[in-house]
Amino acid sequence: MIRWADNEDLEGLVEVELAADRTFAPLGIVFPPGTTMIEECDDPGRVIVAGRPAVGFALLGRVDGLPHLDQLAVHPDHHNQGIGTRLLDAVCDEAATGAAAITLTTFRDVPWNAPWYARRGFAVLPPEKWGPELRALVEHERALGLELAPRVVMRKDL
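Residue numbers (the numbering used here): 1 to 158.
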């Protein structure tokens, strides 16, 4: 079941995020302490979730006037069930109601990151096409220590 989050969901999404982050460790990617859900989201109106209790989520924002997928995470116990695809489809459907495109930042070489998004219609957006907010977001991610492996900005026209 894909749905908008409610306040009760937010605390449980921290464990989903941390568990999903641990799947990067075998690739040598270990995230800095903290979580996006604790530090950047107190509004369930920005979050689409899968399940009750939630086993996956998509966190939405706006960058340069476009919807931006801040994060997509699925608990590893629920991988390979199509949950990430259903969440991404819901995000794109929501974005398409009033926007020409959606953006995201992701790891370039992680199979379930940029290559996965590319198979779903996203394309790498070169730096010369980034708006000022997107450029600032990339710099902010670098300052937080998220550039643990090569990252890219991607965009999907809706």
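All residues carry an ideal CB built from backbone N, CA and C; glycine is no exception. Quick caveat: nothing in here was measured; it's all calculated off a predicted structure.
From F31, W116, L27 and E94, residue whose alpha carbon lies closest to that of L60: Distances from the alpha-carbon of L60 to those of F31, W116, L27 and E94 put E94 closest.
Candidates D42, G82 and A99: closest to D6 by CA position: D42
Counted within 10 angstroms of its Cβ, other Cβ atoms place T160 as buried (16 or more) or exposed: Only positions 1 to 158 of the chain appear in the structure, and residue 160 is not among them; the question remains open.
Residue range of the unbroken beta strand (DSSP E) whose run includes W4: I2 to W4
Validate contact between the region 44 to 58 and the region 22 to 34 using beta carbons, cut 8 Å, 3 pairs: no
Neighbourhood of V55 by C-beta, 7 Å cutoff - its chain only, sequence neighbours within 5 removed: If we look at V55 and ignore the five residues flanking it on each side, its Cβ neighbours are V16, V74, H75, H78 and I83.
Host alpha helix (DSSP H) of T85 (start-end): For T85, the enclosing alpha helix (DSSP H) stretches over residues I83 to A96.
Whole-number beta carbon distance between L66 and A101, since they are thought to touch under 8 Å: Indeed, because the Cβ distance is near 6 Å, the residues count as touching under 8 Å.
Distance between N80 and F24 (C-alpha atoms, nearest Å): 16 Å
Same chain, Cβ closer than 7 Å to C92, neighbours up to 5 away in sequence not counted: I102, K156 and L158
Residues near L10 in its chain [Cβ-Cβ closer than 8 Å; skip 5 each side]: Once the five neighbours on either side are set aside, the close Cβ partners of L10 are M37, C41, D42, P44 and V47.
Secondary structure of R108, DSSP reduced to three states: For R108, the secondary structure class from DSSP, reduced to helix, strand or coil, is coil.
Residue range of the alpha helix (DSSP H) that includes R135: P132 to L144
C-beta contact flag for V63 and L134 at 7 Å: yes
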